[in-house]
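Under my numbering, read the sequence shown as residues 11 to 200, first letter to last. Even glycine gets a Cβ: it sits at the ideal position worked out from N, Cα and C. Before any comments, here is the structure.
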Amino acid sequence: MTKSAVSQANVVTAAREPRPFLFLSPARLPLRHDPIDAAGRATLQAAAEDAVPMLVRSLVNFTIERQNRRALERGNPQPIALSVLNRRRRAARAWLLAVLAGKVDGAARHAVASQWLPTLCGTGPDLRLAAAPARALVEFVRGAITACIFDEANENLLPHAKALHVLETVLSVHLAAVLQVSRASRATAP
Numbered sequence: 011m012t013k014s015a016v017s018q019a020n021v022v023t024a025a026r027e028p029r030p031f032l033f034l035s036p037a038r039l040p041l042r043h044d045p046i047d048a049a050g051r052a053t054l055q056a057a058a059e060d061a062v063p064m065l066v067r068s069l070v071n072f073t074i075e076r077q078n079r080r081a082l083e084r085g086n087p088q089p090i091a092l093s094v095l096n097r098r099r100r101a102a103r104a105w106l107l108a109v110l111a112g113k114v115d116g117a118a119r120h121a122v123a124s125q126w127l128p129t130l131c132g133t134g135p136d137l138r139l140a141a142a143p144a145r146a147l148v149e150f151v152r153g154a155i156t157a158c159i160f161d162e163a164n165e166n167l168l169p170h171a172k173a174l175h176v177l178e179t180v181l182s183v184h185l186a187a188v189l190q191v192s193r194a195s196r197a198t199a200p
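Next up, the structure:
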């Protein structure tokens with residue numbers, strides 16, 4: 011056993027201030043201009059393109075884990091059907107490819123809000139229920155793709171920061187689209 015040359019009495023510990031985790035806030039729709047930087051989008055695609063199959067698997071597993079947890083809490087655990095898994099895999103792949111391509115146009119927002127995220131959330135055709143699980147999925151994807159962007163040390167992190175900005179912009183637009191559709195369906199529900 012070796013002893014430290016510095017005695018423990020002389021070490022000053024810095025007081026750490028606890029800070030809350032900053033969740034992604036939804037963007038304001040409609041967008042005034044195209045917020046997607048071409049260089050950042052290219053860096054984002056290059057960083058995460060090879061990891062798409064792994065990201066799809068982990069996203070689908072995350073949704074299954076959330077669904078199983080809810081089923082256990084309700085006392086009604088049931089296995090997930092293969093057709094549901096295939097739909098979730100297709101939805102996850104389509105959504106992740108749209109995120110990496112930086113798609114924030116009307117068609118992409120409609121697909122995210124009415125097809126991809128409700129399918130992944132497991133809420134079915136009731137879009138009112140997709141708002142809360144969609145936030146969790148957006149944060150999961152944000153963390154997973156951020157790990158792909160910053161997977162190795164570099165001297166210049168500016169391209170990586172631009173890619174992260176594109177990622178967060180796209181995800182905030184997609185989250186805003188889901189919340190907007192969820193609010194609209196709540197307003198029209200009896």
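Straight-line gap, residue i to residue j (C-alpha atoms, nearest Å)
i	j	result
Leu201	Ala48	Here the chain has residues from 11 to 200 only, and residue 201 is not among them.
Ser195	Ala123	11 Å
Ala173	Leu65	17 Å
Leu127	Arg145	10 Å
Ile74	Leu34	23 Å
Thr156	His43	24 Å
Leu95	Leu69	11 Å
Leu177	Arg138	25 Å
Ala171	Arg99	29 Å
Val191	Asp161	35 Å
Arg51	Thr179	11 Å
Val62	Gly85	34 Å
Arg39	Gln77	Before going further, note that residue 39 is Leu rather than Arg in the sequence given. Distance between the alpha carbons of Leu39 and Gln77 is about 30 Å.
Arg97	Gly134	12 Å
Gln88	Gln55	37 Å
Ala154	Leu41	26 Å
Residue i, DSSP secondary structure in three states
i	result
Pro169	helix
Thr133	coil
Ala142	helix
Asp115	coil
Gln88	coil
Asn164	coil
Ala57	helix
Ala37	coil
Leu32	coil
Arg76	helix
Ile46	coil
Beta carbon of residue i nearer than 7 Å to that of residue j
i	j	result
Val151	Ala37	no
Ala58	Leu110	yes
Cβ pair count under 8 Å reaching 3, the stretch 112-120 against the stretch 179-189: yes
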